[in-house]
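Undergrad: Can you keep this structure in mind? I'll have questions shortly.
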Amino acid sequence: MGPAVTTTPWWRDAVIYQIYPRSFADSDGDGYGDLPGVIEKLPYLVQLGVDAVWLSPFYLSPMADAGYDVADYRQVDPLFGATKDAHRLIDRAHELGLRIFIDLVPNHTSDNHHWFQAALAAEPGSPERERYIFRNGRGEDGQLPPNNWRSVFGLEAWTRLRRPDGTPEQWYLHLFDTRQPDLNWLNEEVRAEFDAILRHWLDLGVDGFRVDVAHSLIKAEGLPDVDVECTEHRGPMWDQDGVHDIYRRWRRVLDSYDGDRALVAEAWVPIPERLAHYVRADEMHQAFNFDFLSSPWQPESYRRVITQSMAANAAVGAPTTWVLSNHDVLRHATRFGQLDTANREGIAADDPQPQAELGLRRAQAATLLMLALPGSAYLYQGEELGLPEHTTLPNELRQDPVWFRSGPELVGRDGCRIPMPWVREAPGAGFSPSGKTWLPQPDSYPALAVDQQIDVPGSTWSMYRDALALRRQFRLGLGQLSWIEMGEDVVAFRNGKVLVLVNFGSPIPMPEGKVLLASTDLESALPTDAAVWLHQPGN
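Just so you know, the numbering used here puts 438 at position 432 of the sequence shown, and the rest follows in order with no gaps.
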């Protein structure tokens, strides 16, 4: 069976499950997850009740940044299987009624990409170099970088080339790793190539694209220095108005296909009104709400973020896209167990350790808050099991380029990318037939494995399954939110006939209504750090 046909575009209220392929399921025993492993587990996602799947990159890559350094956008890397496996995955997902999003990485390529290799062999000012951002250096001999930009991964955002005889020449820009040179999106050849890449995958049946660092493609004219007062994701390399011409062009490509194909922006844009520009009627369909993800565990913060986000998106006729975890940030079961619950960075073994029980309790409540909100939502693999971050990973096993470029300043993202536990008593918790895992699982993972939770009353998995079913039954994703006043420590709102309460303070008496779902056991009161959905048909 194919995806159901509805009058409302499916993406407006969809729940989409992110798969990080190398950590989801390994079919061949090499310790790395792969596409055949994903295909095998698709029925699990149907059972959970999600609408679609987003896969992080599986393209041909030297893996300098876990596949976000793409050498060929049309081929599957052998680490993940064969290119035909991607085609099989799309077809099998559709048979099961699931949509498929794939990752698109347009800001940069791998330095192994044939375009960049041609640029290295060419001279300054050549057409080959115009595909990327090459500049002469500052200083008497060009020995200084063209500007003061810093890489997101640490150190300078520029690397200087040297000729085979050692003579220094131009610099190239890389907002991320040195092996991820930034493309020049003012170049028509670059734009035409990505039109073709979109069409390649759309022709194969993909339903949408998650666009990596969507706010970075256009840089300010002249590449001016960054103001030292600039905060994260503000400055001349982020959220320039010119990016919107690109997305209007992409939207025309998607609109030429049937089936409501969709684009979702990964854009860390801190001003809701600016973020809403990405989801105007002729641009993208969704944009992750990272203000929601970054919110501290405070009721006033959630009320503010939800109100501002929904108002900004409503002004352009777009839904809000909620998210709590992904492959780049601390898992929310760990984030909420910290003293600083807004901290998104990794945790090392010698850092203060979070409170696991408190973190999971809050994470479950936050999930019920998110899934009751109008709009769409994204889940990150393993959050339905309550998986925590690996916070005691030995430094010598880390693989994230963030760790290698920033030294001890940032531990990187390996802790949220640990292989999934499927079977408690199996080696590697059932991730691989050999028991191998490319990163070690923490001691807590086997007890949280799928076979310990699936269909078990009171498990985190069952809470997610029930929440997704109720969300669909009551059409919460297409509903309307109205705030209810129940004191400053309670986030309370009504969505249709469902009253949602999240308690951040002392226990409160339960209002009248049938309990549909709660994040914890209930008696006569709603405990601290807990959420409940109540059915109130008379309202």
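Even glycine gets a Cβ: it sits at the ideal position worked out from N, Cα and C.
Flag this pair as yes or no: are the beta carbons of T443 and G421 separated by less than 8 Å?
TA: Along the sequence shown, one-based indexing puts residue 443 at 437. Along the sequence shown, one-based indexing puts residue 421 at 415. Cβ atoms of T443 and G421: not closer than 8 Å.
Undergrad: Compute the Euclidean distance between the alpha carbons of G519 and L540, then round it to the nearest angstrom.
TA: In the sequence shown, residue 519 corresponds to position 513, counting from 1. In the sequence shown, residue 540 corresponds to position 534, counting from 1. Rounded to whole angstroms, G519 to L540 spans 5 Å at the Cα level.
Undergrad: Within its chain, find whatever has a CB closer than 6 Å to the CB of A369; leave out the 5 residues flanking it on each side and keep chain order.
TA: One-based indexing of the sequence shown puts residue 369 at position 363. Around A369: H338, A339, F342.
Undergrad: Name the residue from R156, W164, R137, E134 whose alpha carbon lies nearest to the alpha carbon of G148.
TA: Residue mapping note: residue 148 aligns to position 142 of the sequence shown, counting from 1. Ranking R156, W164, R137, E134 by Cα distance to G148 puts W164 first.
Undergrad: Rounded to whole angstroms, how far is the Cβ of P63 from the Cβ of V111, which I believe are closer than 8 Å?
TA: Working through the sequence shown from its first residue, we reach residue 63 at position 57. Working through the sequence shown from its first residue, we reach residue 111 at position 105. With 8 Å as the limit, P63 and V111 qualify as a contact, their Cβ atoms being about 6 Å apart.
Undergrad: What residues in its chain sit with their C-beta under 6 Å from that of D36, if we drop five residues either side in the sequence?
TA: Walking along the sequence shown from the start, residue 36 turns up at place 30. Excluding sequence positions up to five before and after D36, its CB lies less than 6 Å from no other CB in the same chain.
Undergrad: Starting from L167, trace the beta strand (DSSP E) in both directions and tell me its first and last residue.
TA: The residue labelled residue 167 in the question sits at position 161 within the sequence shown. Counting along the chain, the unbroken beta strand (DSSP E) around L167 starts and ends at 164-168.
Undergrad: If you follow the beta strand (DSSP E) that I22 is part of, which residue opens it and which one closes it?
TA: Numbered from its first residue, the sequence shown carries residue 22 at position 16. Note, I22: beta strand (DSSP E), 21-25.
Undergrad: Would you give the residue range spanned by the beta strand (DSSP E) that R500 belongs to?
TA: Counted from its first residue, the sequence shown places residue 500 at position 494. Run containing R500: 496-501, per the beta strand (DSSP E) assignment.
Undergrad: Taking only runs that begin and end inside the stretch 206-285, name each unbroken alpha helix (DSSP H) of 4 or more residues, in chain order.
TA: 249-261, 278-282
Undergrad: Are the CB atoms of L505 and M516 within a distance shorter than 8 Å?
TA: Position 510 of the sequence shown, counted from the first residue, corresponds to residue 516. Position 499 of the sequence shown, counted from the first residue, corresponds to residue 505. Going by C-beta atoms, M516 is not nearer than 8 Å to L505.
Undergrad: What does the alpha-carbon distance come out to for the pair Q542 and A317?
TA: The residue labelled residue 542 in the question sits at position 536 within the sequence shown. The residue labelled residue 317 in the question sits at position 311 within the sequence shown. Distance between the alpha carbons of Q542 and A317 is about 26 Å.
Undergrad: With 16 as the cutoff for other CB atoms within 10 Å, does W207 come out buried or exposed?
TA: Here residue 207 refers to the residue found at position 201 when the sequence shown is read from its first residue. In summary, W207 is buried, with 16 or more beta-carbon neighbours lying within 10 Å of its beta-carbon over all protein chains present.
Undergrad: Between L102 and Y470, which are expected to be in contact by the criterion C-beta below 8 Å, what is the C-beta distance as a whole number of angstroms?
TA: On the sequence shown, position 96 is the one that residue 102 refers to. On the sequence shown, position 464 is the one that residue 470 refers to. In fact, because the Cβ distance is near 18 Å, the residues do not count as touching under 8 Å.
Undergrad: In terms of alpha-carbon separation, which member of L375, Q459, G381 lies closest to N509?
TA: Locating residue 509 in the sequence shown gives position 503, where the first residue counts as 1. Of the candidates L375, Q459, G381, the one whose C-alpha sits nearest the C-alpha of N509 is L375.
Undergrad: From P425 to V158, what distance separates their C-alpha atoms?
TA: On the sequence shown, position 419 is the one that residue 425 refers to. On the sequence shown, position 152 is the one that residue 158 refers to. A straight-line Cα-Cα distance of about 25 Å links P425 and V158.
Undergrad: Please report the distance separating the alpha-carbon of F586 from that of A536.
TA: Nothing can be reported for residue 586: it is not among the residues displayed for the chain, which extend from 7 to 545.
Undergrad: If you measure between the beta carbons of L377 and R477, is that distance less than 8 Å?
TA: The residue labelled residue 377 in the question sits at position 371 within the sequence shown. The residue labelled residue 477 in the question sits at position 471 within the sequence shown. Yes, they are a contact pair.
Undergrad: Measure the beta-carbon distance from D288 to R257 and round it to whole angstroms, keeping in mind my assumption that it falls under 8 Å.
TA: The residue labelled residue 288 in the question sits at position 282 within the sequence shown. The residue labelled residue 257 in the question sits at position 251 within the sequence shown. Confirmed, Cβ separation roughly 6 Å.
Undergrad: Do G352 and L445 have their C-beta atoms closer together than 8 Å?
TA: For the purposes of this step, residue 352 is taken as residue 346 along the sequence shown, with counting starting at 1. For the purposes of this step, residue 445 is taken as residue 439 along the sequence shown, with counting starting at 1. No, these two residues do not count as a Cβ contact at 8 Å.
Undergrad: What separation, rounded to the nearest whole angstrom, lies between the Cα atoms of L336 and L330?
TA: Along the sequence shown, one-based indexing puts residue 336 at 330. Along the sequence shown, one-based indexing puts residue 330 at 324. One C-alpha to the other measures close to 9 Å.
Undergrad: Kindly indicate the opening and closing residues of the alpha helix (DSSP H) around I96.
TA: In the sequence shown, residue 96 corresponds to position 90, counting from 1. From DSSP, the alpha helix (DSSP H) with I96 extends over 89-101.
Undergrad: With DSSP as the reference, please indicate the residues paired to T347 in a beta bridge.
TA: To locate residue 347, count along the sequence shown from 1; it is residue 341. According to DSSP, T347 bridges with nothing at all.
Undergrad: Would you identify the three-state DSSP class for S382, choosing helix, strand or coil?
TA: Counting from one through the sequence shown, the residue named residue 382 turns up at place 376. Three-state DSSP puts S382 in a strand.
Undergrad: Mapping the DSSP letters down to three states, classify N319 as helix, strand or coil.
TA: The count along the sequence shown starts at 1 and reaches residue 319 at position 313. Looking at N319 - three-state DSSP - the assignment turns out to be helix.
Undergrad: Pull up the CB-CB distance for V275 and L281, whole angstroms please, since I reckon it's below 8 Å.
TA: As a working note, residue 275 is residue 269 in the sequence shown. As a working note, residue 281 is residue 275 in the sequence shown. Sure, about 4 Å apart at Cβ, within 8 Å.
Undergrad: Which residue's Cα is closest to the Cα of D34: Y26, W60, V76, A88?
TA: Your numbering for residue 34 matches position 28 in the sequence shown. Among Y26, W60, V76, A88, the Cα nearest to that of D34 belongs to A88.
Undergrad: Apart from the five residues just before and just after E2, which ones in its own chain have a Cβ nearer than 6 Å to its Cβ?
TA: The structure shown has nothing for residue 2, since the chain only spans 7 to 545.
Undergrad: Quick test of your reading: D78 and P42, contact by CB under 8 Å. State the CB separation rounded to the nearest angstrom.
TA: Taking the first residue of the sequence shown as position 1, residue 78 is located at position 72. Taking the first residue of the sequence shown as position 1, residue 42 is located at position 36. With a Cβ gap of about 20 Å, D78 and P42 do not count as contacting.
Undergrad: If you drop the 5 nearest sequence neighbours on each side, which residues of the same chain put their C-beta closer than 7 Å to that of A435?
TA: In the sequence shown, the residue the question calls residue 435 occupies position 429. The residues are P427, W428, V429, Q447, Y451, P452, A455.
Undergrad: Quick check: N349 and W328, are their CB atoms within less than 8 Å of each other?
TA: The count along the sequence shown starts at 1 and reaches residue 349 at position 343. The count along the sequence shown starts at 1 and reaches residue 328 at position 322. Against a cut-off of 8 Å, the Cβ pair of W328 and N349 comes out as no contact.
Undergrad: Three or more beta-carbon pairs under 8 Å between the stretch 128-141 and the stretch 238-256, yes or no?
TA: The stretch 128-141 makes no contact with the stretch 238-256; the number of CB pairs closer than 8 Å stays below 3.
Undergrad: Below 8 Å on the Cβ atoms is my guess for G485 versus P380; work out the distance and round it to an integer in Å.
TA: Along the sequence shown, read from residue 1 onward, the residue named residue 485 stands at position 479. Along the sequence shown, read from residue 1 onward, the residue named residue 380 stands at position 374. The pair is a contact, with the Cβ atoms about 5 Å apart (cut-off 8 Å).
Undergrad: Under a Cβ-count criterion, where at least 16 other Cβ atoms within 10 Å of its own Cβ denotes burial, should N501 be classed as buried or exposed?
TA: By one-based count along the sequence shown, residue 501 stands at place 495. That one is buried.
Undergrad: If you drop the 5 nearest sequence neighbours on each side, which residues of the same chain put their C-beta closer than 7 Å to that of Q361?
TA: Position 355 of the sequence shown, counted from the start, is the residue given in the question as residue 361. The beta carbon of Q361 sits closer than 7 Å to the beta carbons of G343 from its chain, once the five residues preceding and following it are set aside; these are given in chain order.
Undergrad: Got a sec, what are the start and stop residues for the beta strand (DSSP E) H541 sits in?
TA: Translated into the one-based positions of the sequence shown, residue 541 becomes position 535. Its beta strand (DSSP E) spans residues 536-541.
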